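Step one of this worksheet: look at the structure below.
In this note's numbering, the protein residues as written are 1 to 277.
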């Protein structure tokens, strides 16, 4: 099994299942609601732990009850959490889940991310096969680059643009306008740019101008919640590259991870496991 890690962020999220997302001025009634540790860093760390038998998570948390609950919950799910504690409230989120399983997200508070100067065991990344980066400063990204393979999201674009760090892969949504053409401002260019397109599959482009496509993996059951599917895909890609799979095999495994999560309930239900590979 490859040794894998995530450098990034956590949000404490409240979910409400609703018949539809409310329009301006409308009141809707939720038949189910719950709270969970979430966010791209948390979702990908748990997915990596399920694939690799464990994952390490370098993050920052608010030094309050919700921050402590987030750490405890992620450790229950098999993630080793290395938190830098911040004297601020834990960042939170609210998610509507409609009858189609689509998620509509509201974030409360500034993003809390790890910094390269934080007193975290960064040296452990020297032996990591792959790291997924969802947030942090330039120093944190440079620590993440200590791994053999480094995958990142354009959501950390400001850091990626200024860091002068080579990525093995940049993984993005082909349908998100905020994630388009991000690679054009990165120097050096990523080895691969992987663009997901949901049920349409996706494409990859190599730095050497090679290209490829993949078909979306079949869902293992009825559609569930979209929350976390993209981050599970990114974690699957990170795992596969850390296991030295070819890019075609890596995106195929990642597509399965996304599909399995899409057939589950938010946040972690249904994620692909090592036994299912």
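Just so you know, even glycine gets a beta-carbon here, dropped at the ideal spot from N, CA and C. Predicted model, so just to flag it, every value in this text is computed and none were measured.
DSSP places residue 104 in the strand class (E or B) of the three-state scheme. Burial is judged here by how many other beta carbons sit within 10 angstroms of a residue's own beta carbon; residue 28 has fewer than 16 and is exposed. If one requires a minimum length of 3 residues, the beta strand (DSSP E) runs lying completely within the region 156-234 are 169-173, 192-196, 202-206 and 211-214, in chain order. If you draw a 10 Å sphere on the C-beta of residue 277, you find fewer than 16 other C-beta atoms in it, and that means exposed. With a cutoff of 7 angstroms on beta-carbon distance, residue 45 and residue 6 are scored as near each other. Rounded to the nearest angstrom, the Cβ distance from residue 4 to residue 129 is 6 angstroms, consistent with a contact under 8 angstroms. Under the three-state reduction of DSSP output, residue 35 falls in the strand class. Its chain contains 45, 46, 49, 55 and 57 as the residues whose beta carbon lies nearer than 7 angstroms to that of residue 79, once the 5 sequence neighbours on both sides are disregarded; these appear in chain order. In terms of Cα proximity to residue 134, the closest of 60, 127 and 255 is 60. In this model, residue 212 and residue 64 are separated by some 46 angstroms (Cα to Cα). Bridge pairing for residue 131: 5 and 150 [DSSP]. 7 angstroms or more divides the Cβ of residue 199 from the Cβ of residue 228. Closest option to residue 249, judged by alpha-carbon separation, among 214, 232 and 269: 214. In the DSSP assignment, residue 260 is bridged to no other residue. Three or more beta-carbon pairs drawn from the region 256-276 and the region 220-234 are found closer than 8 angstroms, and the two stretches are therefore classed as touching. When the beta-carbon positions are compared, residue 242 and residue 2 come within less than 7 angstroms of each other. The beta strand (DSSP E) runs of length 3 or more contained entirely in the region 48-107 are, from start to end of the chain, 55-62, 79-86 and 92-97.
At a Cβ-Cβ threshold of 7 angstroms, residue 210 and residue 151 do not count as neighbours.
For the pair residue 15 and residue 266, the CB atoms are nearer than the 7 angstroms cut-off. Under the DSSP assignment, residue 16 falls in the beta strand (DSSP E) whose first and last residues are 11-17. Counting along the chain, residue 274 sits inside no alpha helix (DSSP H), nor does DSSP assign it H or E at all. Pairing residue 131 with residue 147 gives a Cβ-Cβ distance under 7 angstroms.
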